[in-house]
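Undergrad: Before I ask anything, here is the structure I am working with.
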Amino acid sequence: MSIVAVFAAMSMNAQVYLGGSVAFEAWSSQKLAGDKSETVFKIMPEIGYNINDEWAIGTVIGYMSDKFNGVNGVSENAFVFNPYARYTFAKLGKVNFFVDGGVDFTTASKADWTELAVGLKPGLAVNLTNNVSFVSHIGFIGYDLYNPDGDENNISKFGLNLSGSDVTFGLYFSF
Numbered sequence: 236m237s238i239v240a241v242f243a244a245m246s247m248n249a250q251v252y253l254g255g256s257v258a259f260e261a262w263s264s265q266k267l268a269g270d271k272s273e274t275v276f277k278i279m280p281e282i283g284y285n286i287n288d289e290w291a292i293g294t295v296i297g298y299m300s301d302k303f304n305g306v307n308g309v310s311e312n313a314f315v316f317n318p319y320a321r322y323t324f325a326k327l328g329k330v331n332f333f334v335d336g337g338v339d340f341t342t343a344s345k346a347d348w349t350e351l352a353v354g355l356k357p358g359l360a361v362n363l364t365n366n367v368s369f370v371s372h373i374g375f376i377g378y379d380l381y382n383p384d385g386d387e388n389n390i391s392k393f394g395l396n397l398s399g400s401d402v403t404f405g406l407y408f409s410f
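Going by the working numbering, the sequence shown opens with residue 236, and the numbers climb by one from there.
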């Protein structure tokens, strides 16, 4: 009975949220441009907990599939783990502006690569109802280390990225 009471109390305050995002991208080039193609699919489920009106903690545990056809055709599946802390710094009616600070870890065993990124992701949430929100992240600022095929091929970068590849959209349900 105590567990049911705790769950009921948490549900009344809409402290736990579930959601995430799904992405699909496909491109191809013609024969004179190398006759290549790539298909990427991502599913990024997310769970979090609102500590109070300003702070939340959560994590994304996801999957990515990347199929590249070209000179060296590669098909890869990757695991994504992204714990974060979220700070909501402005609330304008139904729109909340926030920043996620966290660690992104991605690993793929077949092509033997890992990626570790530490930084901030600004975003906004539009509260459609008391329990449903549309959430978007726009960009990344921080450090990113990419390690393909062994330790002597590391690629590291630091900076601000506001490209279209760093925009995500998702739907969140609060309980």
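C-beta atoms are modelled at their ideal positions from N, C-alpha and C, and glycine is treated no differently. What you are looking at is a predicted structure, and each value in this text was computed from that prediction instead of being measured.
Run through the DSSP bridge pairs and tell me what Ile-296 is partnered with.
TA: Locating residue 296 in the sequence shown gives position 61, counting from the first residue. Ile-296 pairs with Phe-316.
Undergrad: If I'm right that Glu-273 touches Phe-303 with Cβ under 8 Å, what's the distance once you round it to whole angstroms?
TA: Counting from 1 along the sequence shown, the entry for residue 273 is found at position 38. Counting from 1 along the sequence shown, the entry for residue 303 is found at position 68. Confirmed, about 5 Å.
Undergrad: Since I believe Trp-290 is in contact with Tyr-319 (beta carbons under 8 Å), could you give me their beta-carbon distance rounded to a whole number of angstroms?
TA: On the sequence shown, residue 319 is found 84 positions in, with the first residue counted as 1. On the sequence shown, residue 290 is found 55 positions in, with the first residue counted as 1. Tyr-319 to Trp-290, Cβ: 11 Å. No contact.
Undergrad: Could you compute how far the alpha carbon of Ile-286 sits from the alpha carbon of Asp-301?
TA: The sequence position of residue 286 within the sequence shown is 51, counting from 1. The sequence position of residue 301 within the sequence shown is 66, counting from 1. The alpha-carbon atoms of Ile-286 and Asp-301 are separated by roughly 36 Å.
Undergrad: Taking the DSSP output, what are the residues bridged to Lys-392?
TA: Counting from one through the sequence shown, the residue named residue 392 turns up at place 157. Asp-379.
Undergrad: On the three-state DSSP scale, how would you describe Asp-301?
TA: The residue labelled residue 301 in the question sits at position 66 within the sequence shown. Three-state result, Asp-301: strand.
Undergrad: Here's a check: name, in chain order, each residue in its chain whose Cβ is nearer than 6 Å to the Cβ of Tyr-407, leaving out the five neighbours to either side.
TA: Counting from 1 along the sequence shown, the entry for residue 407 is found at position 172. Cβ neighbours of Tyr-407 beyond the five flanking positions: Tyr-252, Gly-254, Ser-368, Val-370.
Undergrad: Where does Lys-356 land, buried or exposed, given buried means 16+ other C-beta within 10 angstroms?
TA: The sequence position of residue 356 within the sequence shown is 121, counting from 1. By the 10 Å Cβ count, Lys-356 comes out buried.
Undergrad: Within the continuous beta strand (DSSP E) that includes Glu-350, where are the two ends?
TA: For the purposes of this step, residue 350 is taken as the residue at position 115 of the sequence shown. Element bounds for Glu-350: 348-362.
Undergrad: Can you tell me which of Met-279, Asn-396, Val-295, Val-361 puts its alpha carbon nearest to the alpha carbon of Val-330?
TA: Counted from its first residue, the sequence shown places residue 330 at position 95. Nearest C-alpha to Val-330: Val-361.
Undergrad: Taking the continuous beta strand (DSSP E) assigned at Ser-409, which residues delimit it?
TA: Counting from 1 along the sequence shown, the entry for residue 409 is found at position 174. Here the beta strand (DSSP E) through Ser-409 covers 402-409.
Undergrad: My output table needs one value for Glu-289: the three-state DSSP class, helix, strand or coil.
TA: Within the sequence shown, residue 289 is the residue found at index 54, counting from 1. Note: Glu-289 maps to coil in three-state DSSP.
Undergrad: Looking only at its chain, what residues have a beta carbon closer than 6 Å to the beta carbon of Lys-345, apart from the 5 residues adjacent to it on each side?
TA: Looking up residue 345 in the sequence shown gives position 110. Same-chain partners within the cutoff: Glu-311.
Undergrad: What do you reckon, are the CB atoms on Ala-297 and Gly-283 nearer than 8 Å?
TA: Start at 1 with the first residue of the sequence shown, and residue 297 comes out as number 62. Start at 1 with the first residue of the sequence shown, and residue 283 comes out as number 48. In the sequence as displayed, the identity of residue 297 is Gly instead of Ala. Result no, Cβ atoms of Gly-297 and Gly-283 do not sit closer than 8 Å.
Undergrad: Going by DSSP, what residue range makes up the beta strand (DSSP E) through Glu-260?
TA: For the purposes of this step, residue 260 is taken as residue 25 along the sequence shown, with counting starting at 1. Segment 251-263, the beta strand (DSSP E) holding Glu-260.
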